[in-house]
Ligand code: NA7
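Numbering (my numbering), first residue to last: 1233 to 1769.
Right, here's the structure in full:
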């Protein structure tokens, strides 16, 4: 089967759904190809217990439709996974998007035909779509990282992956459970599992910085009041660097930047900060983002704040991170540190006793053997470039995108296109604000820019648009210069933001830290000037 279209969109998550709507509204024939059986993307796959967004629901949602934002009712300040998935299903119905999506269909290859100026998109089932444009909305955290641990397949118990949790759930009551991974996912999951399991072992390779956060149901009438004020809420969001003006995981960083420096704080000031605000107080200083010494001082204070919560001194000490605060995405939690005071929870510090292997009966470290019924892997993602690298993408002269990124690192112009791959747009590609901001706000800007660009080129009879290598190099230089004075690329920071969590991946900070408003201004200026930095053909 071959279908000819104006555009193919890969992925039916937040980005793909909006791209489908936006391009369809502009009169294009469009098809979304989605590997999963439903809409939702990351929010369909990551349905582990405790999964929740770290941005407020009224901001972590589409702003483009007044009807949708008025009709949909959020129940909590920060939405849990089932509610976000229900929201995306609602949007898909409301905008009649499902008829434009083919589900259970994995894209395996995409090849650019230079003569015809079209992309041929091949699926695992043998279908082919031919289109002038491809919009890759394949997600920035959609390819789970298979942990590099010997013997994983030998385990005779149940292995669960947070990024593909069974739809029907898994009852952990009375079981001995091991969780590997203490990033955002592990930190959300661990307190929930601790309440169910007979015994929980937390296998921690790197300790996390995590801040307690209250999530609550909306009070009666509260959501209606917010909705009545939506125009102002969206306007504030639009002007905000991270696309979220209310409380979020990012507000900690923003607040921090405006606080006094820890280096000029007295010991009394520091102790007062943690006495009044706990671990949050330990990190709320203005110099942490740029000064590694200041950051290390804050980490020591953070350790003191943990020790005031976690009763066992050895466990408290093991929970103190060794990488700088803010070089990874800040984590917010509900009762994480308190969980380690439970009798049924044991922290296994892999820095002291690394994992040797998974065995048929559990996990063997250099220290001892842990007998387990269930092992949960919360080991993260091949972020930003993982999804497109899995597809055999071939641009001009048959050049491979996977190879380009392997050789050069995650290069891109504006996070919108990679040089050598005409008419292939990446929503939230590396070098765009995505990871450093509220994804939904960032993707709306991306989808609208891409959609307007395609509509404009079609009107002008332009067949191809392609990032220039020089513009791409300049953009990378710019994004790298922005983070150079910060702790974001510190050698001790192995984060999905910089590729350091994937063995062999070239390290490069993959976000744009200048903020969405400045990014939008630049993108608009580029378009208005006739697409500076792109070659039109
Ligand atoms: P993260 O933040 O990348 O965390 C993955 C965790 O898994 C992290 O603690 C890793 O330790 C650990 N990990 C990975 N491989 C191993 C092995 N082989 N052995 C032991 N531990 C391992 O992913 P998340 O899913 O938690 O969060 C991703 C984003 O999703 C998050 O930032 C939010 O934006 C939503 P390491 O740090 O590498 O030592």
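Beta carbons: idealized from backbone N, C-alpha and C, even for Gly. Keep in mind the model is a prediction, meaning the values are calculated, not measured.
Identity of the residues DSSP links to residue 1589 by a beta bridge: 1596
C-beta contact flag for residue 1417 and residue 1434 at 9 Å: no
Residue from 1271, 1633, 1666 with nearest C-alpha to residue 1328: 1271
Check: residue 1660 C-beta below 8 Å from any heavy atom of the ligand NA7: no
Assigned secondary structure, residue 1656 (DSSP; H/G/I helix, E/B strand, else coil): strand
Limits of the beta strand (DSSP E) - the one that residue 1335 falls within: Neither: residue 1335 is in no beta strand (DSSP E) and is coded neither H nor E.
C-alpha distance - residue 1794 paired with residue 1613, whole-angstrom precision: Any answer about residue 1794 is impossible in this case: the structure gives the chain only from 1233 up to 1769.
At least 3 beta-carbon pairs within less than 8 Å: the region 1667 to 1675 vs the region 1622 to 1633: no
The region 1477 to 1484 / the region 1449 to 1463 touching (three or more Cβ pairs under 8 Å): no
DSSP-derived helix/strand/coil call for residue 1444: strand
Through-space distance from residue 1766 to residue 1703, alpha-carbon basis: 8 Å
Runs of alpha helix (DSSP H) wholly within the region 1532 to 1593 (minimum 4 residues, chain order): 1545 to 1550, 1568 to 1571
Distance between beta carbons of residue 1421 and residue 1610, contact taken as under 8 Å: 6 Å
Close-in-space but distant-in-sequence residues of the same chain around residue 1370 (CB under 7 Å, 5 per side omitted): 1242, 1243, 1619, 1620
CB of residue 1661 within 9 Å of CB of residue 1647, strictly: yes
Within-9 Å CB hit, residue 1269 to chain D: Judged by its chain identifiers, the structure shown contains no chain D, having just a single protein chain.
Best match in 1560, 1502, 1518 for proximity to residue 1532 [C-alpha to C-alpha]: 1502
Distance cut-off 8 Å: residue 1286 Cβ against heavy atoms of the ligand NA7: yes
Where residue 1405 falls, given that 16 or more other Cβ within 10 Å makes a residue buried: exposed
Heavy atom of the ligand NA7 within 8 Å of residue 1610 beta-carbon: yes
With 16 other Cβ atoms within 10 Å as the buried cut-off, status of residue 1546: exposed
Boundaries of the alpha helix (DSSP H) in which residue 1708 is found, first to last residue: 1701 to 1715
Exposure of residue 1669, with buried meaning 16 or more beta-carbon neighbours within 10 Å: buried
Under the three-state DSSP convention, the category residue 1630 falls into: helix
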